[in-house]
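In terms of UniProt numbering, the sequence shown opens at residue 1 and continues consecutively. Reading through the structure tokens given below for one structure.
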Amino acid sequence: MPDAAGSAQPPSPAKKIRDNKRIAGFPLPWPGKTLYSGAMFRLAHLSDLHIGPLPEPGWRELAGKRLTGYLNWRRGRAEHHRMAVLDRVLADIAGVRPDHVAVTGDLINLGLAGEYGPALSLLERIGPPDRVSVVPGNHDAYIRATLPAIVGHWAPWFAGDHEPPPPGLDEAFPFVRRRGRVALIGVNSGVPKPPFLATGTLGQRQLAALGETLDALRQEGLARVLLIHHPPFPIGWHKQLTDHTGLAAILSRSGAELVLHGHTHVGSVRQFDGAGGPIPVHGVASASAADDGTSEPAGWNLVSIDGAPGAWQVMVETRRPAA
Numbered sequence: 001m002p003d004a005a006g007s008a009q010p011p012s013p014a015k016k017i018r019d020n021k022r023i024a025g026f027p028l029p030w031p032g033k034t035l036y037s038g039a040m041f042r043l044a045h046l047s048d049l050h051i052g053p054l055p056e057p058g059w060r061e062l063a064g065k066r067l068t069g070y071l072n073w074r075r076g077r078a079e080h081h082r083m084a085v086l087d088r089v090l091a092d093i094a095g096v097r098p099d100h101v102a103v104t105g106d107l108i109n110l111g112l113a114g115e116y117g118p119a120l121s122l123l124e125r126i127g128p129p130d131r132v133s134v135v136p137g138n139h140d141a142y143i144r145a146t147l148p149a150i151v152g153h154w155a156p157w158f159a160g161d162h163e164p165p166p167p168g169l170d171e172a173f174p175f176v177r178r179r180g181r182v183a184l185i186g187v188n189s190g191v192p193k194p195p196f197l198a199t200g201t202l203g204q205r206q207l208a209a210l211g212e213t214l215d216a217l218r219q220e221g222l223a224r225v226l227l228i229h230h231p232p233f234p235i236g237w238h239k240q241l242t243d244h245t246g247l248a249a250i251l252s253r254s255g256a257e258l259v260l261h262g263h264t265h266v267g268s269v270r271q272f273d274g275a276g277g278p279i280p281v282h283g284v285a286s287a288s289a290a291d292d293g294t295s296e297p298a299g300w301n302l303v304s305i306d307g308a309p310g311a312w313q314v315m316v317e318t319r320r321p322a323a
């Protein structure tokens, strides 16, 4: 999630279809009907867990960017992100029994050493690494010194198919996980930034590898689902993906069947014009957000994918567990 609020800019080249705030069961308007067969793949998408309570930091840990983040946490974020709310979301997901779960970043808050272990415990609660995929967010990669902790604690959840846990973040992304007729592709936009910035960056190496990966998976005849923390369109200069135009060019050229992101704490639906047809782009509310009137209350997306190459059907239902 961004550290500070900012006004949204017009979405270009992505086209805004409709924000589905507080609307449950809002399907994507793609052609064709979803075929409810045993071959359907169901994916749970949640993001921006912001797991608490925050461990009490030492004074050395509050240098630089962490100090402003800690003050923001104490001023209200701690009350807004409630673990009881997150528990209800996770219970709802467990009741649905999806085939896989995607977590698109911001599991933690300030990148404190004491935050990664509790987040690991929660990942284990959601499911084993072969059933859960994770990409980092800007709060997970808050400062450079704790980047090794992401790999040390969560690497099995972003290791690619038949690959050992990666030794570092650069080696880990993009990852590919094939699940039946669906390929999950994860990229890392969570990189350390200066104070007051919540931007993300993919970089040329990752963008080039992503394009090659999307092309190869299309040749395999798989439905391609891209997982990223930051949205692939402009939002505000201090919190957007800095190379969103590069990502848009990759998607336009190589295509994808679905993009899932977090960061904005808003359930939203947009689309890109991609090779082979429109690409739906879905954001989701924070999975721990209280219904306190300050932002959209917690929710998660249930994604259903069916069909065949050239005729994939995608439907997304936004679920909000009752308080």
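Just so it is clear, CB atoms sit at the ideal spot from N, CA and C, and this is done for glycine as well.
With residue i and residue j assumed to form a contact (beta carbons below 8 Å), what rounded beta-carbon distance in angstroms separates them?
| i | j | result |
| --- | --- | --- |
| Ile-143 | Pro-192 | 5 Å |
| Gly-186 | Val-269 | The Cβ separation is near 21 Å, so there is no contact. |
| Thr-201 | Thr-242 | 5 Å |
| Ala-183 | Val-225 | 7 Å |
| residue 329 | Asp-140 | Outside the displayed span of the chain (1 to 323) sits residue 329, for which this structure offers no information. |
| Asn-138 | Gly-203 | Going by Cβ atoms, the distance from Asn-138 to Gly-203 rounds to 15 Å, so no, they are not a contact pair. |
Which value, in whole angstroms, describes the spacing of the CA atoms of residue i and residue j?
| i | j | result |
| --- | --- | --- |
| Ala-39 | Arg-74 | 47 Å |
| Thr-104 | Gly-221 | 24 Å |
| Pro-55 | Val-281 | 34 Å |
| Ser-304 | Val-266 | 20 Å |
| Ala-290 | Leu-67 | 24 Å |
| Ile-51 | Ala-285 | 15 Å |
| Pro-27 | Asn-301 | With a pLDDT of 32 at Pro-27, under the threshold of 50, the modelled position of that residue is not reliable, and the figure given next carries that caveat. Looking at the two C-alpha atoms, the distance is approximately 11 Å. |
| Ser-288 | Val-316 | 20 Å |
| Tyr-70 | Gly-58 | 11 Å |
| His-45 | Gly-310 | 24 Å |
| Val-101 | Ser-133 | 6 Å |
| Ala-275 | Ala-249 | 10 Å |
| Met-83 | Leu-123 | 14 Å |
| Gly-152 | Phe-175 | 17 Å |
| Arg-88 | Ala-119 | 17 Å |
| Gly-114 | Ser-121 | 12 Å |
| Gln-313 | Ser-254 | 18 Å |
| His-244 | His-81 | 28 Å |
| Leu-247 | Glu-79 | 35 Å |
| Glu-163 | Leu-90 | 28 Å |
Per DSSP, what are the beta-bridge partners of residue i in this structure?
| i | result |
| --- | --- |
| residue 341 | Nothing about residue 341 can be read from this structure; the chain reaches only from 1 to 323. |
| Asp-306 | Gln-313 |
| Asn-301 | His-45, Thr-318 |
| Ser-133 | Ala-102 |
| Val-225 | Leu-184, Leu-258 |
| Gly-200 | Leu-241 |
| Ala-289 | His-81 |
Provide the residue span of the beta strand (DSSP E) that contains residue i, from first to last.
| i | result |
| --- | --- |
| Val-101 | 100 to 103 |
| His-45 | 41 to 46 |
| Asp-170 | Counting along the chain, Asp-170 falls outside any beta strand (DSSP E), though it belongs to the alpha helix (DSSP H) covering 169 to 172. |
| Arg-178 | 175 to 179 |
| Arg-270 | 268 to 274 |
From which residue to which residue does the alpha helix (DSSP H) around residue i run?
| i | result |
| --- | --- |
| Ile-279 | Unbroken run through Ile-279 is the beta strand (DSSP E), 277 to 283; no alpha helix (DSSP H). |
| Ala-119 | 116 to 126 |
| Asp-92 | 83 to 96 |
| Thr-68 | 65 to 72 |
| Gly-152 | 147 to 154 |
Is the Cβ of residue i closer than 7 Å to any Cβ of chain C?
| i | result |
| --- | --- |
| Thr-104 | Checking the listed chains, one finds no chain C in this structure; it contains a single protein chain. |
Next on the checklist: Closer than 8 Å is the cut-off here; do at least three beta carbon pairs connect the region 225 to 235 with the region 255 to 262?
Outcome noted: Counting Cβ pairs under 8 Å, three or more are found: they touch.
Next on the checklist: When you compare the region 124 to 135 with the region 154 to 168, are there three or more beta-carbon pairs, one atom per stretch, that lie closer than 8 Å?
Outcome noted: Yes: at least three Cβ pairs fall under 8 Å.
Checklist entry - Counting Cβ pairs, one atom from each stretch, are 3 or more of them under 8 Å apart for the region 233 to 243 and the region 273 to 280? => result With the rule of 3 Cβ pairs closer than 8 Å, the region 233 to 243 does not count as touching the region 273 to 280.
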